[in-house]
């Protein structure tokens, strides 16, 4: 006879990939990226926030200057060749790695918002979020021996800093944390390791003017960690950029 785990225990064993926990993760990210818990309202979001990455848009902050927006538009065009963003692929290739809007203005923001009205584009955003950020973050965190909160800590860091290996990217931040504390997979204390990771992330954030405000770490993730909430279980209360949020 097959045994069934209680719902809460099953969700915790699945970690951040459990649907309810993934929704919490997206609401937490949205509070920092969009000042809203309604992450599903962000498919049409697009603006240049002045961080040197060109346009930032969508549910996870795809950027015209960091190749993830280009990959998203390429995927959407594979699935729907006539989508409103297809004509901008060449321009996105040209501005990749820069903050330039050349070839994108004035029509690109309106085309993005038009595309966001389609199920094809919304699904493509979710798929690229998972491929580039969510799935790699969760897989790496599990290998490091981290539970649900640690998986979110990795995910949020990948979203903001990118999955690269330089000092200001996720790989560099993780490398610095491992110099200061043993990961649980190596016998280290999970809470101690996560504090070391958050410390390393704060140092990286303060080296970039656009990311120097660290409340999404210090009055959000650090709060959960200091409360011992390694399973990221609600109720959750946190502050980002001076605004208060709550998930019951």
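In our numbering, the protein residues as written are -6 to 241. We treat Cβ as the ideally placed atom computed from N, Cα and C, and that holds for glycine. Note that the structure is a prediction, hence the values are computed from the model and not measured.
- request: Counting only runs of 4+ residues fully inside the segment 103 to 148, write out the alpha helix (DSSP H) ranges in chain order.
  value: 112 to 122 and 128 to 136
- prompt: Do you know how far the Cα of residue 139 is from the Cα of residue 7?
  reply: Here residue 7 refers to the residue found at position 14 when the chain shown is read from its first residue. Here residue 139 refers to the residue found at position 146 when the chain shown is read from its first residue. One C-alpha to the other measures close to 12 Å.
message: If contact is defined by three or more beta carbon pairs under 8 Å, each pair taking one atom from either stretch, is the segment 95 to 106 in contact with the segment 40 to 58?
response: Taking a contact to require three or more Cβ pairs closer than 8 Å, the segment 40 to 58 and the segment 95 to 106 qualify as touching.
- prompt: When DSSP labels each residue in this structure, what does residue 186 get in the three-state scheme?
  reply: Numbered from 1 along the chain shown, position 193 holds the residue referred to as residue 186. Of the three classes helix, strand and coil, the one that applies to residue 186 here is helix, per DSSP.
- request: If I'm right that residue 36 touches residue 109 with Cβ under 8 Å, what's the distance once you round it to whole angstroms?
  value: Residue 36 sits at position 43 when you count from the first residue of the chain shown. Residue 109 sits at position 116 when you count from the first residue of the chain shown. Between residue 109 and residue 36 the Cβ distance is about 4 Å, and since that is below 8 Å, they are a contact.
task: Note down, in chain order, each residue of its chain lying with its Cβ closer than 6 Å to the Cβ of residue 197, except the 5 sequence neighbours on either side.
output: Within the chain shown, residue 197 is the residue found at index 204, counting from 1. Cβ neighbours of residue 197 beyond the five flanking positions: 161 and 166.
field: CA nearest to the CA of residue 13, picked from 71, 90, 145 and 235
entry: For the purposes of this step, residue 13 is taken as residue 20 along the chain shown, with counting starting at 1. Of 71, 90, 145 and 235, the residue nearest in Cα terms is 145.
- request: Find the nearest neighbour of residue 115 within the set 34, 23, 28 and 214, judged by alpha-carbon distance.
  value: What you label residue 115 is simply residue 122 of the chain shown in a count that begins at 1. Looking at the Cα atoms, 34 is the closest of the given residues.
message: Going by DSSP, what residue range makes up the alpha helix (DSSP H) through residue 70?
response: Within the chain shown, numbered from 1, the residue matching residue 70 stands at position 77. Run containing residue 70: 61 to 72, per the alpha helix (DSSP H) assignment.
message: Looking at the strands, I want to know which residues DSSP matches up with residue 49.
response: Within the chain shown, the letter at position 56 stands for residue 49. The partner list for residue 49 (beta bridge, DSSP) reads 40 and 56.
- prompt: Going by Cα to Cα distance, which pick from 218, 207 and 174 is closest to residue 234?
  reply: Indexing the chain shown from 1 puts residue 234 at position 241. Of the residues 218, 207 and 174, the one whose Cα lies closest to the Cα of residue 234 is 207.
message: Please state whether the Cβ-Cβ distance between residue 190 and residue 142 is less than 7 Å.
response: For the purposes of this step, residue 190 is taken as the residue at position 197 of the chain shown. For the purposes of this step, residue 142 is taken as the residue at position 149 of the chain shown. In this structure, residue 142 does not lie closer than 7 Å to residue 190 by Cβ.
query: Under a three-way DSSP split, which group does residue 238 fall into?
result: In the chain shown, residue 238 corresponds to position 245, counting from 1. Assigned with DSSP and collapsed to three states, residue 238 falls in strand.
task: Please name the residue, chosen from 193, 224 and 236, that lies closest to residue 18 on a Cα-to-Cα basis.
output: If you number the chain shown from 1, residue 18 lands on position 25. Residue 224 is the option with its Cα nearest to residue 18.
message: Less than 7 Å between C-beta atoms, sequence neighbours within five positions excluded: which residues of the same chain meet that for residue 158?
response: The sequence position of residue 158 within the chain shown is 165, counting from 1. Hits under 7 Å: 164 and 165.
task: Using three-state DSSP, classify residue 207 as helix, strand or coil.
output: For the purposes of this step, residue 207 is identified with residue 214 of the chain shown, where counting begins at 1. Here residue 207 sits in coil by DSSP.
task: Please check the pair residue 213 and residue 21, which I expect to be a contact at CB under 8 Å, by giving their CB distance rounded to whole angstroms.
output: For the purposes of this step, residue 213 is taken as residue 220 along the chain shown, with counting starting at 1. For the purposes of this step, residue 21 is taken as residue 28 along the chain shown, with counting starting at 1. About 7 Å separates the two Cβ atoms, so the contact holds.
- prompt: Do residue 202 and residue 170 have their C-beta atoms closer together than 7 Å?
  reply: Translated into the one-based positions of the chain shown, residue 202 becomes position 209. Translated into the one-based positions of the chain shown, residue 170 becomes position 177. In this structure, residue 170 does not lie closer than 7 Å to residue 202 by Cβ.
query: Hey, would you say residue 111 sits closer than 7 Å to residue 58, going by beta carbons?
result: Stepping through the chain shown from its first residue, residue 111 is reached at position 118. Stepping through the chain shown from its first residue, residue 58 is reached at position 65. Going by C-beta atoms, residue 111 is not nearer than 7 Å to residue 58.
Counted within 10 angstroms of its Cβ, other Cβ atoms place residue 28 as buried (16 or more) or exposed: Walking along the chain shown from the start, residue 28 turns up at place 35. Answer is exposed; the Cβ neighbour count stays below 16.
message: Let me check understanding here. Comparing Cα to Cα, which of 113, 97, 56 and 88 lies closest to residue 74?
response: For this step, residue 74 is matched to residue 81 along the chain shown. Comparing Cα positions, the closest option is 113.
field: residue 199 classed as buried or exposed, judged by whether at least 16 other C-beta atoms fall within 10 angstroms
entry: One-based indexing of the chain shown puts residue 199 at position 206. The residue in question, residue 199, is exposed, as its Cβ has fewer than 16 Cβ neighbours within 10 Å.
field: Own chain residues within Cβ distance below 8 Å of residue 64, not counting five before or after
entry: As a working mapping, residue 64 is identified with position 71 in the chain shown. Cβ neighbours of residue 64 beyond the five flanking positions: 121 and 125.
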